[in-house]
Every structure is written in structure tokens, then in C-alpha cells.
Amino acid sequence: MCRLFVSQDPKTYAAETRAIRLHGHATSIRLEAAFWSILEEIARKEGMSVARFAGVLHDEITARHDDVGNFASFLRVTCMHYLANKEQHACEVGARRDAVRRAPLAEEHALERIAGDRLRVPA
1 MCRLFVSQDP KTYAAETRAI RLHGHATSIR LEAAFWSILE EIARKEGMSV ARFAGVLHDE
61 ITARHDDVGN FASFLRVTCM HYLANKEQHA CEVGARRDAV RRAPLAEEHA LERIAGDRLR
121 VPA
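All residue numbers for the sequence shown refer to the UniProt record's numbering, where the first residue is 1 and numbers rise by one.
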């Protein structure tokens, strides 16, 4: 067989259980350590904790499909999707961050226009 796969550190496929809150309810999720590492990477790039990221994912998937089914499986597939589409994810995160940065500037410009309109003397 392939040495690449069998030479992995057993710690990467050891199961880890972590407690998180979903909709205010404490629950636990059991995943292999490698998946937790990938979720930590994604969450860090999203600017949030793994628990917060998992909560956001849970909210979004239930809003779209009502029932999550097996959330741990969904998280594993999310990790695989992320690894296959890292470049696209980076672009999307960058676009969201740019939009957040531009929002205060757009608001500031709107307020300046309103203030300017108030200061103008009608002819």
C-alpha cells in the first residue's frame, strides 16, 4: 500500500470530543484531530473561534435545510470542501473584509453629504 497514508502520525486520526454551544444548548462533537486542525484554520481565517464558526455553520445549514442530520459529518465534508477550494475561500473572505472596511467609509460620506445639504443656504 501507499506509505504516504500509513506513515501518518496516529494523533491525526485520534478522535477528539469538544464541547460547543449551538443555539444556547451545550453539545459535544467528536471528530478526528486532523479535522479539528482544519476547522481551527478556517475559523482563524474567518476571524472567529472554532466554537463560534461551528455555531454559524449550524445556523446557516439549518436555515437552508431545516434538519442538519449528522452535523459531525457535515463538518468533515466542510473541511474537505475547504481543502479542495482554499483559493476560492481566501477570495471570499477577502471580499467580505473589504466590504466591511468600505461600509464605514460609505456611511461617513453619506453623513457628510447630509451635513453639507443642511448647511447650504437655499437660493
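Think of the CB as a built atom: it goes at the ideal place given N, C-alpha and C, for glycine as much as any other residue.
- For the pair E40 and L75, the Cα-to-Cα distance works out to about 12 Å.
- In the structure shown, the three-state DSSP call for A14 is coil.
- Apart from sequence neighbours up to five positions away, no residue of its chain approaches V56 with a beta-carbon distance below 6 Å.
- Where H81 is concerned, the enclosing alpha helix (DSSP H) starts and stops at F71 to A84.
- In this chain, the beta strand (DSSP E) harbouring H25 covers H25 to E32.
- Taking each of C2, L83 and D59 in turn and checking the Cα distance to A34, the smallest one comes out for L83.
- Within the DSSP bridge table, the entry for A19 names S28 as partners.
- In the three-state DSSP reduction, V68 falls in the coil class, being neither helix nor strand.
- In the three-state reduction of the DSSP assignment, D9 falls in the coil class.
- Looking at the backbone, the Cα of E87 and that of T17 are separated by about 29 Å.
- Between the beta-carbon of A51 and that of R30 there is about 15 Å, and that puts the pair past the 8 Å contact cut.
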